[in-house]
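**Student:**
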Amino acid sequence: MRRRALGLVGFASGVFAGSVLYRRTLGRRRARVDVYFGDGSMITFVDGSPEADALLPIARDALAAVRQ
Amino acid sequence: MDTTQALADLTEISSQVEAAVLFDEAGEVAGSTLPDEQAGRLAASAAELLARAATVGENGGEVTQVEASTPDGSVFVVREGARRIAAVTGPDPTIGLVFYDLKSCLRDVGSGSDADRPKRRRPAKKERESDEA
Chain A
1 MRRRALGLVG FASGVFAGSV LYRRTLGRRR ARVDVYFGDG SMITFVDGSP EADALLPIAR
61 DALAAVRQ
Chain B
1001 MDTTQALADL TEISSQVEAA VLFDEAGEVA GSTLPDEQAG RLAASAAELL ARAATVGENG
1061 GEVTQVEAST PDGSVFVVRE GARRIAAVTG PDPTIGLVFY DLKSCLRDVG SGSDADRPKR
1121 RRPAKKERES DEA
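The listed protein sequences derive, respectively, from chains A and B.
First residue of the first sequence: 1, per the numbering used here; consecutive thereafter.
First residue of the second sequence: 1001, per the numbering used here; consecutive thereafter.
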């Protein structure tokens, strides 16, 4: 009986941990910046890169300006 | 076409655009869908975004467009000559359509006429069954 209860608790803990992991990784949209150049080329900087770290705060300021 | 009409057309045809501002290379606001103070802040941020984007890329070419996407929304900036336009949308916009509409708006302001611009058509409303019968 006790072993079965422990198994159920373990299963529930696993499901909970899995859902948290999913929300933190796959479920979250990643911020990024696409920069387009005059020659038709484009570069994407994903969140966490030095370039995105320089550009995303400015974009957040722009969003804040509109939604204040 | 004046800036007020061009921006009114933009927000009418592009429901994804929450706010937009037209400004020049000096950051001077030419027109906006926002009150003056907010328009100035959006134009300043957009100008800074363009300027910083030009320095971070290894390409070295002229930056013509920037889209910054966050979970809270996206910021678009387009430049054409001395004119610039910036817009804010919600999360996950249709990027190509927003850029198209922003460029069309810039051209409207620059050309003084929209006679030769191909208009993006709104989706046709479904005809009522009674009309078909």
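For glycine and all other residues, C-beta sits at the position ideal for the given N, C-alpha and C.
Quick caveat: nothing in here was measured; it's all calculated off a predicted structure.
Under 8 Å between the Cβ atoms of B:D1085 and B:V1078?
**Tutor:** Before going on, a small fix: residue 1085 of chain B reads as Ile here, not Asp. Contact: yes.
**Student:** I want to verify the contact list: residues of chain B whose CB lies under 9 Å from the CB of A:V46, in sequence order.
**Tutor:** Simply none; closest approach about 10 Å.
**Student:** For the beta strand (DSSP E) containing B:Q1065, name the first residue and the last one.
**Tutor:** Start and end: V1063 to T1070.
**Student:** Sort B:D1024, B:E1080 and B:G1090 by Cα distance to B:P1071 and report the nearest one.
**Tutor:** Selected option, being the one with the closest Cα: B:G1090.
**Student:** Counting pairs of Cβ atoms below 8 Å between the region 35-49 of chain A and the region 1042-1061 of chain B, do you hit three or more?
**Tutor:** The region 35-49 of chain A is in contact with the region 1042-1061 of chain B.
**Student:** Short of 7 Å Cβ to Cβ, which residues in the region 1064-1079 of chain B face chain A?
**Tutor:** Within the region 1064-1079 of chain B, the residues whose Cβ lies closer than 7 Å to some Cβ of chain A are T1064, Q1065, V1066, E1067, A1068, S1069, T1070, P1071, D1072, G1073 and V1075, listed in chain order.
**Student:** Return the Cβ separation of B:V1109 and B:V1017 in integer angstroms, given the expectation that the two are a contact with Cβ distance under 8 Å.
**Tutor:** In fact, because the Cβ distance is near 15 Å, the residues do not count as touching under 8 Å.
**Student:** Quick check on the burial criterion: 16 or more other C-beta atoms within 10 angstroms. Buried or exposed for B:V1066?
**Tutor:** Under this definition B:V1066 is a buried residue.
**Student:** Roughly how many whole angstroms lie between the Cα atoms of A:D47 and B:A1044?
**Tutor:** Roughly 22 Å between the two C-alpha positions.
**Student:** Flag A:L6 as yes if its beta-carbon sits less than 8 Å from any beta-carbon of chain B, otherwise no.
**Tutor:** So, not an interface residue.
**Student:** Hey, would you say B:L1007 sits closer than 8 Å to B:S1032, going by beta carbons?
**Tutor:** In contact: B:L1007 and B:S1032 (Cβ atoms closer than 8 Å).
**Student:** How big is the Cα-Cα spacing for A:E51 and A:F45?
**Tutor:** Distance between the alpha carbons of A:E51 and A:F45: 6 Å.
**Student:** May I have the straight-line CA-CA distance separating B:T1004 from B:Q1038, to the nearest angstrom?
**Tutor:** So the alpha carbons of these two residues sit roughly 16 Å apart.
**Student:** Out of B:E1028, B:D1024 and B:D1101, which one is the CA nearest neighbour of B:E1012?
**Tutor:** Nearest option by C-alpha distance: B:D1101.
**Student:** Using a Cβ-Cβ cut-off of 8 Å, state whether B:R1083 counts as contacting chain A.
**Tutor:** Chain A contact via Cβ: absent.
**Student:** Please tell me whether B:G1061 has its Cβ less than 8 Å away from any Cβ of chain A.
**Tutor:** So yes, B:G1061 belongs to the interface.
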